[in-house]
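Here is the structure we will look at.
Protein chains: 2
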Amino acid sequence: MGIPNLQVALDHNRIEDAIVDAIAVGNEVDIIEAGTILCLNEGDKAIKCLRNLFPNKTLIADTKCADAGTTVARNCKLAGADWMTVICCATIPTMEAALKEMGTLQVELYGDWTFEQAQLWLDAGIDQAIYHQSRDALLSGGTWTEQDLQKIKKLIDMGFKVSATGGLTLESLKLFEGLDIYTFIAGRGICATENPAETAKEFKAEIKRIWG
Amino acid sequence: MGIPNLQVALDHNRIEDAIVDAIAVGNEVDIIEAGTILCLNEGDKAIKCLRNLFPNKTLIADTKCADAGTTVARNCKLAGADWMTVICCATIPTMEAALKEMGTLQVELYGDWTFEQAQLWLDAGIDQAIYHQSRDALLSGGTWTEQDLQKIKKLIDMGFKVSATGGLTLESLKLFEGLDIYTFIAGRGICATENPAETAKEFKAEIKRIWG
Numbered sequence: 001m002g003i004p005n006l007q008v009a010l011d012h013n014r015i016e017d018a019i020v021d022a023i024a025v026g027n028e029v030d031i032i033e034a035g036t037i038l039c040l041n042e043g044d045k046a047i048k049c050l051r052n053l054f055p056n057k058t059l060i061a062d063t064k065c066a067d068a069g070t071t072v073a074r075n076c077k078l079a080g081a082d083w084m085t086v087i088c089c090a091t092i093p094t095m096e097a098a099l100k101e102m103g104t105l106q107v108e109l110y111g112d113w114t115f116e117q118a119q120l121w122l123d124a125g126i127d128q129a130i131y132h133q134s135r136d137a138l139l140s141g142g143t144w145t146e147q148d149l150q151k152i153k154k155l156i157d158m159g160f161k162v163s164a165t166g167g168l169t170l171e172s173l174k175l176f177e178g179l180d181i182y183t184f185i186a187g188r189g190i191c192a193t194e195n196p197a198e199t200a201k202e203f204k205a206e207i208k209r210i211w212g
Numbered sequence: 001m002g003i004p005n006l007q008v009a010l011d012h013n014r015i016e017d018a019i020v021d022a023i024a025v026g027n028e029v030d031i032i033e034a035g036t037i038l039c040l041n042e043g044d045k046a047i048k049c050l051r052n053l054f055p056n057k058t059l060i061a062d063t064k065c066a067d068a069g070t071t072v073a074r075n076c077k078l079a080g081a082d083w084m085t086v087i088c089c090a091t092i093p094t095m096e097a098a099l100k101e102m103g104t105l106q107v108e109l110y111g112d113w114t115f116e117q118a119q120l121w122l123d124a125g126i127d128q129a130i131y132h133q134s135r136d137a138l139l140s141g142g143t144w145t146e147q148d149l150q151k152i153k154k155l156i157d158m159g160f161k162v163s164a165t166g167g168l169t170l171e172s173l174k175l176f177e178g179l180d181i182y183t184f185i186a187g188r189g190i191c192a193t194e195n196p197a198e199t200a201k202e203f204k205a206e207i208k209r210i211w212g
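Dropping the structure here:
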């Protein structure tokens, strides 16, 4: 079992705010994500800024692409993204088109996806999936359950590299002990703390304590 | 049965290109859409530019929102959008959060959505749905089928205002004859023609001929 990566999701409204946290935590985390909110508000400028700040860090464009896979992937790649996300209800042709341009895709799991669909994503060459607690579900009182963990385990057993995200805190990491998580993604869990750089270091230390 | 609206989808990569077609066809169509590609590449600037060009036209932000409904909707509204889109696999709390901010939402139908889910969207107060042939499916050889038309009819019978989109041309409008379509959405079908303004007028005339 590997040591999970730590990914910071920059879900700021504006790039001038996102880069403050990016600069603070960029060297502490393994992966930097231009969040959907940021991409929708700033456009490809967000990806370009983060790429210029961190030329050698894995950079993800969280587009949640649902259609026009070729164009969206090409634009993200041109802007400097290494990977991008597609939404689970995108059609297989959309995923294949995006994959061909981008090389690496992550399927974002929302709503009533099925393991039969997940097998189709694998068959299409997509080997990464992001298991979510949606922000809105969390705000409505949802939380990580044993059922979530079982689904993650099944995805891992199928062959997916699984990222977990949604309301993650230092304290909640241990919920995932024993699971071969590929990446933990935290947004506010890092950026909304008093000292984001220190929090990112604590996340890394806790991950190493549990999985190291 | 009403006369369907005509909506132009501006799916250009850059705002400087989108406004050329926006200016050409904006006064011919009923609704202007800042397409997903444009939103992801230009950010909220795309919505702001189109709002400033057309202060009184219904303007849609095609965000295909999957999460963080409150923030995405608030940002789109602040930029000047009247309506926005959510993806069908978003959770109900996400849709409710976006609806509360935006007032009017359209659910984008991709992948394996069900009529049971559709009833939940209606119950949540969402009365618009967009039935797609995805661009990538069309590129893979897909087309409008009797099954598509039956699904659209069922959505209309349930109470949805249904927009139809995906590879629409002047010639394909008659496929929908007899259906109470709310809006036809065309992107390249208008913008990629030799004279987009003339094409938009022809779309309007053909819609009036069939539904008038």
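Chains as they are written, first to last, in full-length UniProt numbering: chain X, 1 to 212; chain W, 1 to 212. Every residue, glycine too, gets a C-beta built ideally from N, C-alpha and C. As the structure is a prediction and not an experimental result, all values here were calculated from the model.
Member of the options whose CA lies at the smallest distance from the CA of residue i
| i | options | result |
| --- | --- | --- |
| W:Gln7 | W:Ala197, W:Lys77 and W:Ala73 | W:Ala197 |
| X:Cys89 | W:Ile19, W:Leu173 and W:Thr114 | W:Thr114 |
| W:Glu203 | W:Ala124, W:Ile92 and W:Leu170 | Inspection of the sequence shows that residue 203 of chain W is occupied by Phe rather than by Glu. Cα-wise, what sits closest to W:Phe203 is W:Leu170. |
| W:Tyr131 | W:Asp123, W:Thr85 and W:Lys100 | W:Thr85 |
| W:Pro55 | W:Asp62, W:Ile31 and W:Leu10 | W:Ile31 |
| W:Thr63 | W:Leu175, W:Gly43 and W:Ser163 | W:Gly43 |
| X:Lys208 | X:Ile60, X:Thr94, X:Ile156 and X:Gly178 | X:Gly178 |
| W:Gly80 | W:His12, W:Cys49, W:Pro93 and W:Thr71 | W:Cys49 |
| W:Glu28 | W:Asn195, W:Gln133 and W:Ile210 | W:Asn195 |
| X:Gly159 | X:Gly166, X:Trp144, X:Tyr110 and X:Ala129 | X:Ala129 |
| X:Leu120 | X:Ile92, X:Gly103 and X:Gly166 | X:Ile92 |
| X:Tyr110 | X:Ala73, X:Thr104 and X:Ile87 | X:Ile87 |
| W:Asp112 | X:Ala66, X:Ile181 and X:Lys201 | X:Ala66 |
| W:Ala9 | W:Gly2, W:Ala34 and W:Glu16 | W:Ala34 |
| W:Thr151 | W:Leu139, W:Leu168 and W:Gln133 | First, the amino acid is wrong: residue 151 of chain W is Lys here, not Thr. Ranking W:Leu139, W:Leu168 and W:Gln133 by Cα distance to W:Lys151 puts W:Gln133 first. |
| X:Thr94 | W:Asp11, W:Ser140, W:Leu99 and W:Ala98 | W:Ser140 |
| X:Glu16 | X:Ala46, X:Ala97, X:Ala124 and X:Gln117 | X:Ala46 |
| X:Ile210 | X:Ala186, X:Asn5, X:Ile181 and X:Lys174 | X:Lys174 |
| W:Leu122 | W:Asp180, W:Asp157 and W:Asn75 | W:Asp157 |
| X:Leu99 | X:Lys77, X:Gly166 and X:Phe176 | X:Lys77 |
| W:Asn75 | X:Thr70, X:Asp82 and X:Asn41 | X:Asn41 |
| X:Leu105 | X:Ala118, X:Asp82, X:Gln117 and X:Glu116 | X:Asp82 |
| W:Ala97 | W:Thr71, W:Ala192, W:Val107 and W:Glu108 | W:Thr71 |
| W:Glu116 | W:Met1, W:Ala205 and W:Leu155 | W:Leu155 |
| W:Asn5 | W:Glu108, W:Tyr182 and W:Gly167 | W:Tyr182 |
| W:Thr199 | W:Gly26, W:Gly125, W:Ala118 and W:Thr36 | W:Gly26 |
Chain W residues whose Cβ lies nearer than 9 Å to that of residue i
| i | result |
| --- | --- |
| X:Asp11 | Ala68 and Thr71 |
| X:Ile152 | Within chain W, no residue comes near X:Ile152; the closest Cβ sits about 18 Å away, beyond 9 Å. |
Beta carbon proximity, residue i to chain X, threshold 8 Å
| i | result |
| --- | --- |
| residue 232 of chain W | Outside the modelled stretch of chain W, which goes from 1 to 212, sits residue 232 of chain W, for which no answer is possible. |
| W:Asn5 | no |
| W:Asn75 | yes |
| W:Thr143 | no |
Chain W contact residues for residue i, given Cβ-Cβ distances below 8 Å
| i | result |
| --- | --- |
| X:Asn63 | For the record, residue 63 of chain X in the displayed sequence is Thr; it is not Asn. Leu40, listed in chain order. |
Interface flag, residue i vs chain W, CB-CB below 8 Å
| i | result |
| --- | --- |
| X:Glu108 | yes |
| X:Cys191 | no |
| X:Asp44 | yes |
| X:Ile87 | yes |
Interface partners of residue i on chain X, CB under 8 Å
| i | result |
| --- | --- |
| W:Ser140 | Pro93 |
| W:Lys100 | By Cβ distance, chain X contributes nothing, its closest Cβ being about 11 Å from W:Lys100, past 8 Å. |
| W:Val37 | Checking the displayed sequence, the identity of residue 37 of chain W turns out to be Ile instead of Val. By Cβ distance, chain X contributes Ala68, Thr71, Val72 and Asn75. |
Contact set between residue i and chain X, taken where Cβ atoms lie within less than 7 Å
| i | result |
| --- | --- |
| W:Cys49 | By Cβ distance, chain X contributes nothing, its closest Cβ being about 12 Å from W:Cys49, past 7 Å. |
| W:Ala90 | Tyr110 and Gly111 |
| W:Thr169 | Going along chain X, no residue has its Cβ under 7 Å from W:Thr169, so there is no contact; the nearest lies around 18 Å. |
Cβ separation of residue i and residue j, assumed to be a contact under 8 Å, to the nearest whole Å
| i | j | result |
| --- | --- | --- |
| W:Ile53 | W:Ala22 | It is worth fixing the name first, because residue 53 of chain W is Leu in this sequence and not Ile. Indeed, because the Cβ distance is near 6 Å, the residues count as touching under 8 Å. |
| W:Met102 | W:Ala73 | 4 Å |
| W:Ala24 | W:Leu38 | Contact flag wrong, Cβ pair sits at about 16 Å. |
| W:Ser172 | W:Trp144 | 7 Å |
| W:Ile3 | W:Gly212 | 6 Å |
| W:Phe176 | W:Leu149 | 7 Å |
| X:Lys161 | X:Asp127 | 6 Å |
| W:Leu168 | W:Ala186 | 5 Å |
Residue i beta carbon near the ligand MN (any heavy atom closer than 7 Å)
| i | result |
| --- | --- |
| W:Thr169 | Of ligands this structure carries none, so the ligand MN is not represented either. |
Quiz item: In the stretch 53 to 140 of chain W, which residue ranges form an unbroken alpha helix (DSSP H) of at least 4 residues, counting only runs that do not cross its ends?
Solution: Qualifying alpha helix (DSSP H) stretches, in chain order: 69 to 79, 92 to 102, 115 to 123 and 135 to 139.
Quiz prompt | Runs of beta strand (DSSP E) lying entirely within the stretch 145 to 210 of chain W, each at least 3 residues, in chain order | solution = Listed in chain order, they are 161 to 165 and 183 to 186.
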